[in-house]
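A.B. asks: Just so we're aligned: 4 in the numbering used here is position 4 of the sequence shown, and the numbers increase by one with no gaps anywhere.
In this text, a Cβ means the ideal position worked out from N, Cα and C, and glycines have one as well.
Since this is a predicted model, take the numbers as computed values, not measurements.
Here's a structure for you.
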Amino acid sequence: MDVCVIGEINLDLILYGLPKELVLDRELLASGLALTLGSSSAIFAHNLALLGTKVGFISKTGGDPLGKIALERLAASGVDVSRVKQAAGRTPTGLTVALPYLQQRYILTFPGTMFEMQYSDIDMEYVRSARHLHVSSFFLHRALRPRMAELFRQAKAAKLSTSLDTNDDPENKWDRDLLDVLKYVDIFLPNDREAKKIAHTDDLSKAINLLAGLVKVVIVKRGSAAAICRSGEEQCSLAPPTVKSVDDIGAGDSFDAGFIHQQLRGAKLEDSLAFANLAGAYSTTKEGGTEAFRDRSALTSFMRQQWNSANRGPLPLQG
Numbered sequence: 001m002d003v004c005v006i007g008e009i010n011l012d013l014i015l016y017g018l019p020k021e022l023v024l025d026r027e028l029l030a031s032g033l034a035l036t037l038g039s040s041s042a043i044f045a046h047n048l049a050l051l052g053t054k055v056g057f058i059s060k061t062g063g064d065p066l067g068k069i070a071l072e073r074l075a076a077s078g079v080d081v082s083r084v085k086q087a088a089g090r091t092p093t094g095l096t097v098a099l100p101y102l103q104q105r106y107i108l109t110f111p112g113t114m115f116e117m118q119y120s121d122i123d124m125e126y127v128r129s130a131r132h133l134h135v136s137s138f139f140l141h142r143a144l145r146p147r148m149a150e151l152f153r154q155a156k157a158a159k160l161s162t163s164l165d166t167n168d169d170p171e172n173k174w175d176r177d178l179l180d181v182l183k184y185v186d187i188f189l190p191n192d193r194e195a196k197k198i199a200h201t202d203d204l205s206k207a208i209n210l211l212a213g214l215v216k217v218v219i220v221k222r223g224s225a226a227a228i229c230r231s232g233e234e235q236c237s238l239a240p241p242t243v244k245s246v247d248d249i250g251a252g253d254s255f256d257a258g259f260i261h262q263q264l265r266g267a268k269l270e271d272s273l274a275f276a277n278l279a280g281a282y283s284t285t286k287e288g289g290t291e292a293f294r295d296r297s298a299l300t301s302f303m304r305q306q307w308n309s310a311n312r313g314p315l316p317l318q319g
């Protein structure tokens, strides 16, 4: 196993073609629907596996059909899901409803078992058997969060490299316990808004300076604008390619997968950033965060064409 991912898993219910106004107490119609594998952690694991990295996944689901479907879709990518536990109680698997609207989207999440996974649910021997630990959705892991720093500390003690993507804080508090975790994080992957919220500043440059002092590598994702990668005094910035986009759900998680895939192969930061941009852009070409990656031949064709056009050498897809 190359990467152990610890995080949440659920399905995304996506409704397309919304009316111009969402009016209360009206029966409004959508013109399209997709039910895809969702959650930052599962999207990351799924797409990383299809890029050619060996991935194991630790999570908790309910004993409901949605949890079963989500696990089946993740396992179909080649991810080892043998360490996913089923909750003993009646709490169901979570679900996210996404409503793409113009260039933005509404996101409504029922957390379910996301809130219940705790440190005792994690097989640490399994974690230590990996080369790298990745965690997404820091603020959704309420039961695990008090021991998140310990989890990362143990991973580092076992000589794993580590990465973290916090995603949004539903409470918008951005508490400082995250900074204790960042002491043990090698690669930190926030987006523009998250970086500024974590640093408690509206100045992105100041946010990057602060975060670069806490982790080895910080990458700030900026949607269609150029992503910024900083390691010590070294900094590079690259814009993603232009593609015909369906939605940007999971684009950041796909970006993360591309970056980690390259870093585990010893790539330079700029090459890792370029590959991450391709992975993030490609994920937007179909519904949700994983549908584009399920067609491995189309994935390989896209990545090879884009990579070769930039004259960056052999395509680094296979493990």
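Which whole-angstrom value is the C-beta distance of A226 and S237, which I expect to be below 8 angstroms?
C.D. replies: Between S237 and A226 the Cβ distance is about 5 angstroms, and since that is below 8 angstroms, they are a contact.
A.B. asks: Cβ of S31 within 8 angstroms of Cβ of G17?
C.D. replies: yes
A.B. asks: Okay, do the region 118-128 and the region 89-100 touch, 3+ Cβ pairs below 8 angstroms being the bar?
C.D. replies: no
A.B. asks: So, helix, strand or coil for Y184, using DSSP?
C.D. replies: coil
A.B. asks: Of the choices G223, K196 and D169, whose alpha-carbon is the least far from that of A212?
C.D. replies: K196
A.B. asks: May I ask you to list the residues that DSSP assigns as paired with G112?
C.D. replies: G112 is not bridged to any residue.
A.B. asks: Looking only at C-alpha atoms, which of D203, A157, K206 and L140 sits nearest to L178?
C.D. replies: Distances from the CA of L178 to each of D203, A157, K206 and L140 were compared; the closest alpha carbon is that of L140.
A.B. asks: Check for me: the beta strand (DSSP E) holding T162 runs from which residue to which?
C.D. replies: S161 to D165
A.B. asks: For a test of the three-state rule: what should DSSP assign to A143, helix, strand or coil?
C.D. replies: coil
A.B. asks: Using the rule of at least 16 other Cβ atoms within 10 Å of the residue's Cβ for burial, across every protein chain shown, is H134 buried or exposed?
C.D. replies: buried
A.B. asks: Going by CA-CA distance only, name the one from E270, Q306, I43 and V23 that's closest to S77.
C.D. replies: Considering only alpha carbons, the answer is I43.
A.B. asks: Which whole-angstrom value describes the C-beta separation of K60 and E116, a residue pair presumed to lie in contact below a C-beta threshold of 8 angstroms?
C.D. replies: 6 angstroms
A.B. asks: Out of curiosity, what's the CA-to-CA distance linking S231 and N277?
C.D. replies: C-alpha of S231 to C-alpha of N277: approximately 18 angstroms in a straight line.
A.B. asks: Below 8 angstroms on the Cβ atoms is my guess for A70 versus L37; work out the distance and round it to an integer in Å.
C.D. replies: 6 angstroms
A.B. asks: In whole angstroms, what is the alpha-carbon distance linking K85 and E233?
C.D. replies: 42 angstroms
A.B. asks: On the criterion of 16 or more Cβ atoms from any shown chain inside 10 Å, does G319 qualify as buried, or is it exposed?
C.D. replies: Here the model assigns G319 a pLDDT of 46, short of 50, so the residue's position is not dependable, and the following value carries that caveat. The residue is exposed, with fewer than 16 neighbouring Cβ atoms inside 10 Å.
A.B. asks: Report yes if the CB atom of Y282 is closer than 8 angstroms to the CB atom of F302, and no otherwise.
C.D. replies: yes
A.B. asks: Beta-carbon within less than 6 angstroms of I6's beta-carbon, same chain only, minus the 5 sequence neighbours each way: which residues are those?
C.D. replies: I58 and V135
A.B. asks: Rounded to the nearest angstrom, what separates A267 and R153 at their Cα positions?
C.D. replies: A straight line joining the alpha-carbon of A267 with that of R153 spans about 25 angstroms.
A.B. asks: Return the chain-ordered list of same chain residues with a C-beta closer than 6 angstroms to the C-beta of R128, the five sequence neighbours on each side being excluded.
C.D. replies: A158
A.B. asks: On the DSSP bridge assignment, give the partners of T96 in chain order.
C.D. replies: In the DSSP assignment, T96 forms a beta bridge with D12 and T109.
A.B. asks: Report the residue from Q306, L50 and A257 whose alpha carbon sits nearest the alpha carbon of V243.
C.D. replies: Q306
A.B. asks: Give me the DSSP bridge partner(s) of Y101.
C.D. replies: Q104
A.B. asks: Provide the residue(s) that pair with R333 in DSSP beta bridges, ordered along the chain.
C.D. replies: There is simply no residue 333 to check, as the chain begins at 1 and stops at 319 in what is shown.
A.B. asks: Buried or exposed: K221, going by 16 or more other Cβ atoms within 10 Å of its Cβ?
C.D. replies: buried
A.B. asks: Whole angstroms are fine: how far does the CA of L50 sit from the CA of G56?
C.D. replies: 13 angstroms
A.B. asks: Between which two residues does the alpha helix (DSSP H) holding T300 run?
C.D. replies: R296 to S309
A.B. asks: Is it the case that the Cβ atoms of M114 and E8 are separated by a distance below 8 angstroms?
C.D. replies: yes
A.B. asks: From R148 to V215, what does the alpha carbon distance come to, in whole angstroms?
C.D. replies: Sequence check: residue 148 is Met here, not Arg. Approximately 16 angstroms between the Cα atoms of the pair.
A.B. asks: Please state whether DSSP places K60 in a helix, a strand or coil.
C.D. replies: strand
A.B. asks: Are the beta-carbon atoms of D2 and R131 separated by less than 8 angstroms?
C.D. replies: yes
A.B. asks: Residues bridged to V352 by DSSP?
C.D. replies: The first residue shown for the chain is 1 and the last is 319, placing residue 352 beyond what the model contains.
A.B. asks: Below 8 angstroms between beta carbons: does that hold for C4 and Y126?
C.D. replies: yes
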